[in-house]
Amino acid sequence: MTLQILLALSAILFAFGLAAILSRSNAIMILIGIELMLGAANLNFIAFWRFSGNPSDLTGVLFAIFSIAVAAAEAAVGLAIIILVHRRIQSVEVDDASNLKG
Amino acid sequence: MELLERAPVELKNAFLRVLGSLGVPEGMLAILSAVLIIGTVIGVFLGLFALMSVMERKILARVQNRYGPNRAGPFGLFQPVADGIKMLTKEDLVPRAADKVVHFLAPVVMMVPALLVLAILPYGRDMVPVELESGILFFFAVGAGTEVAIFMAGWASNNKYSVLGAMRAIAQMISYEIPLVISAVTAAMIAGSLSPSVIVAAQGGFAAGFLPHWFVTTPWGFTAALLFYIGALAESNRSPFDLPEGESELVAGHLTEYSGFKYATFFMAEYIGMFAICGMFVTLFLGGWQAPLPFLTVVPSWIWFFGKVCFVAFTMVWVRATLPRLRVDHLLAFAWKFLLPMSFAAFLSAACWHYAGRGPAAWFLSLVVVGIPYLVLGLSFTSRFSVSRRTYLFSE
Amino acid sequence: MICESLKTCFDDPGKFLGEWFVLLPALVLLLAAAAAVVLRNLIHATLCLTLSFIALGILFIALGAEFVGFVQLLVYVGAVAMLIVFAILLTRPERLAKSDTALSGLGPAGGALAGFVTLGVLLGFLFTSPIAKKSLPGPASAPVAEIGHALMGDYKAALIVVGVLLTAALVGAAVLAMEDKNS
Amino acid sequence: MNFPGIGLLKGFVVTARNFLGSYVEKDRLTTRQYPEERPKLPENSRSFPFLVFDGEDPEAGMRCVACKICEKECPPQCIYIIQDRDAAGKPLKRPRIFDIDISVCMSCQICVEVCPFESIRMDTDYELSSFDRFGSLVLDKSKLLKSNAYYHGIHPTEASETDARIEADRKKKEAAAAAKAEAARKATAEKAAKAAHPPEETK
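This is the structure:
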């Protein structure tokens, strides 16, 4: 197993997330895409830490932990916004939320 | 006694030695050893589940001055066998509009975390199936899978009661997981490790020759234990937090559309999960496999562990027999407005206890730190939910 | 060669499993992520996303980052996936069928194209870069105690910032989703 | 104001007292262990109807005369009777078929009240469950016929009253028959006397 495999895996994951964000109009699907991309980023952190040859340097691990925490915050706020938007315009389509006047 | 203490491990080793002398390769023996341990743990907990399913009914019956099941076998002890046969021979119903694959997968997904969490509990001295550095974290991380299973069951049934029950269950489990984890973290913090066996070891020894050093004997530990216990009741969907299955409102919640062996699997997973969380409670606060009194240390440690687990399970049945079901808004208010601040207080109290030197003075300090929030929160709660004496209009 | 690996399997199954173990969650991760993106049914997509989170967590554990793996499971499976599920159920629109199938912006072809282009660029760099050729160094682990010391030591500022961020997110989410009493 | 949590503790004490008490005080357990401990039924309890016969032989001593009054009166119509006929096709005073479907019967006892021959009575046997819903819950004549002694066993007072009434009826009937016979005898005797000694006045 080489670093290449893991990085390729992470790149594919990132591409999946990007494709989801660009092709779907449902806000929740977009959020799912963002979560996939964040997962890809975390995988990169862990992969580089693992292959750094210096595992006692925990920067990669800690960065992944912080990134997970931030992703959780992002998901909570994002979903609250989706619920709020749904309450205002009865839709979770991002295209429908095109009016500046809430 | 020493022999009995080591009996489970020695039996396994003897068996493996026999196999090894028969020419089974080394690596295969390692796998076999793992299989033996897994089999034993699962077997013991399935036995406990079977025993619990009949004992719970008997205890509930005794509280209500009835006999309980006493027909199948001596004292009704074969009742689980009868129940099992009934469950197996029942028709397996799947609603036509159900999401068939998810409906089928839900009980399986429910069973997986229930069995996985058994891996990290220290069942006795040097008897941990998987010695994991971050065992407590593993316990809660894997336990989170239960929520997914409940949601799958509720949603796949395509039944409004199921969905409502599943949503209630998830809301309840997410809310109660926070005080549960924070109160578990207090114990981990004082023991200085996330490893269950280190936490148990930290509770060894006796103060003044007879008082065990269990965390439950300290004010912060007692508070955290109570909070953990309440959280555990909610996590395992047990009364008085069994709203997700509140039969008076939601038929059976997420279990409405399940029958036969799938229902039995859910039932089994719930009980095994309950035993696992009881085991975690014992590990964190009741000293794990440590004996309660010095002269009782001759009794094998694993007997103490399972004895304590059974005792905690008994108190859960006792709670079920005593308390009525909560209302859903009270349930969430209780979690966020009482349990969460109280778990922070217990956390702070534990820190005070540690930095004040863990002596009698520290004991009183932590009592004060945890007592004041309790009184303030408790009194505000009792005044808010105070019930005026019922007046009868037409009688008397 | 197959005979040889079978022999390893019998002689030392632990080693055999350990070598190939990493590939299994990676495969599950890819399939589940693809399903999460492609599936029309939102709930199915979320369940597949959950599965990919679990696979990612197991991958972390297999790579030696035990703590991160458990945190990943606890946070993503226990909280984020359940939040998404809750959001789907709470916003379950009368027009669920429409919103399931609606595609916008670039459309499926455009999205896939963008994804492939990105993937191509990333993989192109990946296969020409020298660092990617690195092979697996010796066993690595991230002990919990050391992570704790690092969090409370070098990274304490970051820890506090994340704590503030999470509190702000908690309050913000609660305020956002709170029922408007006036309307 | 109460110390918070006291109410909960009080509740736990109550349930604990009940739990432990049920092992100490046997009076608390009011459940009757049915197959071992049977309830003593009150004398007037009733389950489903049966047919009484006198003497030893059920067929010979059958009180029923197939009058079909009970069949007509039965509110849920659970009684089914076919009268017996001899070889010549002449109706006989006994039923050939007498069935009661106890899955339909509602134990109202109207059949008992209307029976002019004291033939149908209420049983007290309540252990009638079976695995065959259609076959074994329809009782035929052979299952329905029970001796008068059995009737005395389950309802002593009522049975003695019935016997006394039958006896009285029989006596009355006998007396009436005797009186009739007497009258007939007298009449014949008179006729004979008249025939022997025709009144002279008529001549």
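Protein chains in written order, with our numbering: chain A, -14 to 87; chain B, 17 to 412; chain C, 332 to 514; chain D, 36 to 238. Built from N, CA and C at the ideal position, the CB exists for glycine as well.
- Task: Spell out the partners DSSP gives VAL87 of chain D in its beta bridges.
- Result: Numbered from its first residue, the fourth sequence carries residue 87 of chain D at position 52. According to DSSP, VAL87 of chain D bridges with D:LYS181.
- If we call anything under 7 Å between Cβ atoms a contact, is SER57 of chain D one with ASN29 of chain B? In the fourth sequence, residue 57 of chain D corresponds to position 22, counting from 1. In the second sequence, residue 29 of chain B corresponds to position 13, counting from 1. No, these two residues do not count as a Cβ contact at 7 Å.
- Query: Is LEU76 of chain D helix, strand or coil by DSSP?
  - Reply: Along the fourth sequence, one-based indexing puts residue 76 of chain D at 41. Coil at LEU76 of chain D, not helix or strand.
- Item | Cut-off 8 Å between Cβ atoms - residues of its own chain near GLY92 of chain B, not counting five sequence neighbours on either side | Stepping through the second sequence from its first residue, residue 92 of chain B is reached at position 76. Cβ neighbours of GLY92 of chain B beyond the five flanking positions: VAL70, LYS74, GLY84, PRO85, ASN86.
- Limits of the alpha helix (DSSP H) - the one that ARG78 of chain B falls within: Your numbering for residue 78 of chain B matches position 62 in the second sequence. 42 to 79 is the span of the alpha helix (DSSP H), which, as asked, contains ARG78 of chain B.
- Query: Between the region 97 to 117 of chain B and the region 135 to 154 of chain B, do at least 3 Cβ pairs fall closer than 8 Å?
  - Reply: With the cut-off at 8 Å, the region 97 to 117 of chain B and the region 135 to 154 of chain B do not touch.
- Query: Among C:ILE374, C:LEU387, C:ASN372, which one has its Cα closest to the Cα of GLY362 of chain C?
  - Reply: Taking the first residue of the third sequence as position 1, residue 362 of chain C is located at position 31. Note on residue identity: the sequence assigns Leu, not Gly, to residue 362 of chain C. Ranked by how close their Cα comes to the Cα of LEU362 of chain C, the residues C:ILE374, C:LEU387, C:ASN372 have C:LEU387 in first place.
- Query: So, does the CB of ALA218 of chain B fall closer than 7 Å to a CB anywhere in chain C?
  - Reply: As a first step, residue 218 of chain B must be located in the second sequence, where it is residue number 202. Cβ-Cβ to chain C under 7 Å: no for ALA218 of chain B.
- Message: Could you check whether PRO308 of chain B and PRO212 of chain B sit closer than 7 Å to each other, using their CB atoms as the reference points?
- Response: On the second sequence, residue 212 of chain B is found 196 positions in, with the first residue counted as 1. On the second sequence, residue 308 of chain B is found 292 positions in, with the first residue counted as 1. With a cutoff of 7 Å on beta-carbon distance, PRO212 of chain B and PRO308 of chain B are scored as not near each other.
- Listing by chain order, which chain D residues have their CB less than 8 Å from the CB of ARG78 of chain B? Your numbering for residue 78 of chain B matches position 62 in the second sequence. Those within 8 Å of ARG78 of chain B in chain D are ASN53, PHE54, SER57, TYR58.
- Task: Could you list the residues in the region -1 to 23 of chain A with a C-beta less than 8 Å from some C-beta on chain C, going in chain order?
- Result: The residues in question are PHE(-1), ALA0, PHE1, GLY2, LEU3, ALA4, ALA5, ILE6, LEU7, SER8, ARG9, SER10, ASN11, ILE13, MET14, LEU16, ILE17, GLY18, GLU20, LEU21.
- Query: At a Cβ threshold of 7 Å, is ALA337 of chain B touching chain D?
  - Reply: If you number the second sequence from 1, residue 337 of chain B lands on position 321. Yes, ALA337 of chain B counts as interfacial toward chain D.
- Query: CA-CA distance, GLY38 of chain A and ALA396 of chain C?
  - Reply: Taking the first residue of the first sequence as 1, we reach residue 38 of chain A at position 53. Taking the first residue of the third sequence as 1, we reach residue 396 of chain C at position 65. Near 14 Å, if we compare the C-alpha coordinates of ALA396 of chain C and GLY38 of chain A.
- Item | Beta-bridge partners of ALA441 of chain B, as assigned by DSSP | Beyond the ends of chain B as shown, which are 17 and 412, falls residue 441 of chain B; an answer cannot be given.
- Got a sec? Which residues, its chain only, sit under 6 Å from LEU47 of chain A by beta carbon, not counting five neighbours each side? Stepping through the first sequence from its first residue, residue 47 of chain A is reached at position 62. Answer for LEU47 of chain A: no residue qualifies.
- How is ASN84 of chain A classed by DSSP in three states: helix, strand or coil? As a position in the first sequence, residue 84 of chain A is number 99, starting the count at 1. In the structure shown, ASN84 of chain A adopts coil according to DSSP, grouped into three states.
- Task: Counting only the same chain and skipping the five closest in sequence on each side, list residues whose C-beta sits under 7 Å from that of SER182 of chain D.
- Result: By one-based count along the fourth sequence, residue 182 of chain D stands at place 147. Closer than 7 Å at the Cβ level, and outside the excluded window around SER182 of chain D, lie PHE88.
- Item | Coil, strand or helix - GLN118 of chain D by DSSP | As a position in the fourth sequence, residue 118 of chain D is number 83, starting the count at 1. In the three-state scheme derived from DSSP, where H, G and I count as helix and E and B as strand, GLN118 of chain D is classed as strand.
- Item | For LYS125 of chain D, three-class secondary structure by DSSP | For the purposes of this step, residue 125 of chain D is identified with residue 90 of the fourth sequence, where counting begins at 1. Here LYS125 of chain D carries a coil assignment [DSSP, helix/strand/coil].
- If GLY170 of chain B sits next to GLY181 of chain B, beta carbons under 8 Å apart, how far is it from one beta carbon to the other, in whole angstroms? Reading the second sequence from its first residue, position 154 is the one you call residue 170 of chain B. Reading the second sequence from its first residue, position 165 is the one you call residue 181 of chain B. By a beta-carbon distance limit of 8 Å, GLY170 of chain B contacts GLY181 of chain B. Their separation comes to about 6 Å.
- Excluding the five sequence neighbours on either side, which residues of its own chain have a C-beta within less than 8 Å of the C-beta of PHE156 of chain B, listed in chain order? Mapped onto the second sequence, residue 156 of chain B falls at position 140. The answer, listed in chain order, is GLU193, LEU196, VAL197, ALA200.
- Message: Closer than 8 Å is the cut-off here; do at least three beta carbon pairs connect the region 81 to 97 of chain D with the region 135 to 145 of chain D?
- Response: Verdict: yes, contact present.
- ASP40 of chain A in three-state terms, based on DSSP: For the purposes of this step, residue 40 of chain A is taken as the residue at position 55 of the first sequence. Rather than Asp, the amino acid found at residue 40 of chain A in this sequence is Pro. Here PRO40 of chain A sits in coil by DSSP.
- Item | Partners in chain A for ALA365 of chain C, counting only beta-carbon separations shorter than 8 Å | The count along the third sequence starts at 1 and reaches residue 365 of chain C at position 34. Here the neighbours are PHE1.
- Less than 8 Å between the CB atoms is what I'm expecting for PRO40 of chain A and ALA473 of chain C, so what's the real figure, rounded? What you label residue 40 of chain A is simply residue 55 of the first sequence in a count that begins at 1. What you label residue 473 of chain C is simply residue 142 of the third sequence in a count that begins at 1. Contact holds; Cβ gap of about 7 Å.
- CB contact flag (GLY301 of chain B, GLY237 of chain B, <7 Å): What you label residue 301 of chain B is simply residue 285 of the second sequence in a count that begins at 1. What you label residue 237 of chain B is simply residue 221 of the second sequence in a count that begins at 1. Looking at the sequence shown, residue 301 of chain B is not Gly but Phe. Going by C-beta atoms, PHE301 of chain B is nearer than 7 Å to GLY237 of chain B.
- Query: Residue range of the alpha helix (DSSP H) that ARG200 of chain D falls in?
  - Reply: To locate residue 200 of chain D, count along the fourth sequence from 1; it is residue 165. Start and end: 191 to 231.
- DSSP state of LEU69 of chain A, grouped into three classes? As a first step, residue 69 of chain A must be located in the first sequence, where it is residue number 84. Helix.
- Looking at C-beta atoms only, is the number of pairs between the region 376 to 384 of chain B and the region 292 to 301 of chain B that lie closer than 8 Å three or more? Contact fails: fewer than three Cβ-Cβ distances are below 8 Å.
- Task: Check the Cβ-Cβ distances between PHE51 of chain A and every residue of chain C, and say whether any is below 7 Å.
- Result: Translated into the one-based positions of the first sequence, residue 51 of chain A becomes position 66. Residue contact check for PHE51 of chain A against chain C: a CB pair falls below 7 Å.
- Task: Would you kindly work out how many angstroms separate the C-alpha atoms of ALA4 of chain A and GLY46 of chain D, rounded to a whole number?
- Result: Along the first sequence, read from residue 1 onward, the residue named residue 4 of chain A stands at position 19. Along the fourth sequence, read from residue 1 onward, the residue named residue 46 of chain D stands at position 11. Those two C-alpha atoms are separated by around 59 Å.
- Spatial neighbours of VAL368 of chain C in its chain, beta-carbon cut-off 8 Å, leaving aside the 5 residues before and after: Position 37 of the third sequence, counted from the first residue, corresponds to residue 368 of chain C. The answer, listed in chain order, is ALA376.
- Item | Cα-Cα separation between GLU425 of chain C and LYS176 of chain B, rounded to whole angstroms | Within the third sequence, the letter at position 94 stands for residue 425 of chain C. Within the second sequence, the letter at position 160 stands for residue 176 of chain B. Confidence at GLU425 of chain C is low in this model, with a pLDDT of 49, below 50, so the placement of that residue should be treated as unreliable; the coordinate-derived value is given next. Our two residues, GLU425 of chain C and LYS176 of chain B, have alpha carbons roughly 15 Å apart in a direct line.
- Count the C-beta pairs between the region 109 to 121 of chain D and the region 55 to 71 of chain D that are closer than 8 Å, then say yes if the count reaches three, no if not. Per the Cβ contact rule, the region 109 to 121 of chain D is not in contact with the region 55 to 71 of chain D (fewer than 3 Cβ pairs under 8 Å).
- Task: Label ILE419 of chain C either buried or exposed according to how many other C-beta atoms from any shown protein chain fall within 10 Å of its C-beta, with 16 as the threshold for buried.
- Result: Walking along the third sequence from the start, residue 419 of chain C turns up at place 88. Note on ILE419 of chain C: 16 or more other CB atoms within 10 angstroms of its CB, so buried under the neighbour-count rule.
- Kindly list, in the order they appear in chain C, the residues whose Cβ is closer than 7 Å to that of ALA(-4) of chain A. In the first sequence, residue -4 of chain A corresponds to position 11, counting from 1. By Cβ distance, chain C contributes LEU450, LEU453, LEU454, LEU457.
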